[in-house]
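Student:
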Amino acid sequence: MFLHPLRSVSLRTLTGAACLAMSGAAGLLAAGDPSAPRPPAQSAVANPIAMSDVALARSALAAIDADPDLKKVNLIVSIVDRGAVIGGPVATEQIRRRAEEVVRGVPGIKSVKNTCFVQAEPDPLLRAVANRMRPDTKPTDAATLPGVALPQAAPAGYLPPLPPSAPSDLLVAAAPQSAVVAQHATVPLVSVLGAPVAAAGAGAVVRVQPLPPVAAPPAAPALPTAPASLTGSTVPVKPTDVQTAVAAIRKTDTRFAGMLVEVKPDGGLFVTGRSARAADAWDFTAELRKVPGVVRVAVDPNLVR
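As numbered in the numbering used here, the sequence shown has no gaps in its residue numbers, which increase by one up to the final residue, 529.
(1) Taking just the CA atoms, how far does PRO313 sit from SER276?
(2) Is the distance from the Cβ of LEU512 to the Cβ of VAL485 below 8 Å?
(3) Measure the Cβ-Cβ separation of ARG320 and VAL342 and say whether it is below 8 Å.
(4) Using 10 angstroms around the beta-carbon of ARG358, count the other beta-carbons present and answer buried if the total reaches 16, otherwise exposed.
(5) From which residue to which residue does the alpha helix (DSSP H) around ARG358 run?
(6) Can you tell me which of LEU349, TRP506 and ARG479 puts its alpha carbon nearest to the alpha carbon of VAL523?
(7) Buried or exposed: which applies to PRO525, given that a residue is buried once 16 or more other Cβ atoms fall within 10 Å of its Cβ?
(8) Give me the Cβ distance between ILE310 and LEU299, rounded to the nearest whole Å; I'm assuming they're in contact under 8 Å.
(9) To the nearest angstrom, how far is it from the Cα of GLY517 to the Cα of LEU383?
(10) Rounded to the nearest angstrom, how far is the Cβ of VAL326 from that of ILE288, given a contact under 8 Å?
(11) Tell me where the beta strand (DSSP E) around SER335 begins and ends.
(12) In the structure shown, what three-state DSSP assignment does THR496 receive?
(13) Leaving out the 5 sequence neighbours to the left and right, which residues in its chain are closer than 7 Å to ALA467 when beta-carbon positions are compared?
(14) Look up ARG322 in the DSSP assignment and say whether it is helix, strand or coil.
(15) With distances taken Cα to Cα, identify the nearest neighbour of ARG306 among GLN318, ARG328 and LYS296.
(16) With a Cβ-Cβ cutoff of 8 Å, do VAL330 and ALA290 count as a contact?
(17) Please classify LEU484: does DSSP put it in a helix, a strand, or coil?
(18) If I measure Cβ to Cβ from VAL301 and keep anything under 8 Å in the same chain, skipping five residues before and after, which residues do I get?
(19) How is PRO313 classed by DSSP in three states: helix, strand or coil?
(20) Going by DSSP, what residue range makes up the alpha helix (DSSP H) through VAL278?
(21) What first and last residue would you give for the beta strand (DSSP E) that runs through ALA522?
(22) According to DSSP, is SER389 helix, strand or coil?
(23) Expressed to the nearest angstrom, what Euclidean distance is found between the alpha-carbon atoms of VAL297 and GLU317?
(24) Spell out the partners DSSP gives VAL301 in its beta bridges.
(25) Let me know if VAL344 comes out buried or exposed under the rule of 16 or more other beta-carbons within 10 Å of its beta-carbon.
(26) Beta-carbon within less than 6 Å of GLU324's beta-carbon, same chain only, minus the 5 sequence neighbours each way: which residues are those?
(27) Assuming THR478 contacts LEU527 (C-beta within less than 8 Å), just tell me the rounded distance between them.
(28) What is the DSSP secondary structure of VAL353, reduced to helix, strand or coil?
(29) When you compare each of PHE508, PRO436, CYS340 and ALA443 to ALA471 by their alpha carbons, which one comes out closest?
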């Protein structure tokens, strides 16, 4: 059997359309989900690198030092997030405004806060210290510094009192070895009232008990004589007072000739003069302490020289 030609053309058209539909469906299944949209491409020109606050602070200080009106002014510069804060004492209002202009002109600084204050006169203490630190300044005394008060000058001929001498082996304040001890006799207690009086008639005589005899006090011990030398011998002459005893001791040895003794009212002795050796001064003071009536012996610190 043979088909009609028109019918054959329609069949071929339908077959081609079906093939195209199947090909499109297969392409969609193979491709899957469409990809997500890509972000827009960045600009080829990169952002400029931000300058750090430390570099900005150094630039601001360099600009201040380069300015002839500000190089001798002590200013403080602090920068945080490109915001500058300047402060410090200035001499005039013009310098205050000039400092703000110089810092504001540094590239990279967005804002400037000016806390500088005008100080008519510099600090007197800082000024005095700065003047003393100059290399051409001559050394001065403490009276030139502010706030230093010196005592008034002493009148002519005034001698300050001597400070207390430091303790040494030549300064001994010990009790004398041969001190005189006063001894008193012990008197037994005797009742003033006698025995009870017995009752008696008229004309009776009361007999009173006599008091017991009191023993005489012992004689005072003999006073020691001044030693003639360090061996323990004594001089034949017995001194009557301390000055005589001291003079006798000085004559016993030629080593004691250069030393002088001053007798104090309270019984103390003060040794002055000059001694060649410390041992000689020690021996002399040891002999002085043996004199009766001497309570202490003090030595001049400049005795041995």
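No residue lacks a Cβ here, since even glycine has one placed at the ideal position from N, Cα and C.
As the structure is a computational prediction, the values presented were derived from the model and not from experiment.
Tutor: To lay it out plainly:
(1) 27 Å
(2) yes
(3) yes
(4) exposed
(5) Taken as a continuous stretch (DSSP letters only), ARG358 belongs to no alpha helix (DSSP H), as it is neither H nor E.
(6) TRP506
(7) exposed
(8) 6 Å
(9) 32 Å
(10) 6 Å
(11) 335 to 338
(12) strand
(13) Residue identity check: residue 467 is Gln in the sequence provided, not Ala. Closer than 7 Å at the Cβ level, and outside the excluded window around GLN467, lie VAL487.
(14) helix
(15) ARG328
(16) no
(17) strand
(18) ALA281, ALA284, LEU285, ILE288, ALA308, VAL309, ILE310 and VAL327
(19) strand
(20) 277 to 290
(21) 520 to 523
(22) coil
(23) 13 Å
(24) ILE310
(25) Note that residue 344 is Ala in the sequence shown, not Val. Exposed, because fewer than 16 other Cβ atoms sit within 10 Å of the Cβ of ALA344.
(26) VAL336 and ASN338
(27) Actually they do not touch by this definition, with Cβ atoms about 17 Å apart.
(28) helix
(29) PHE508
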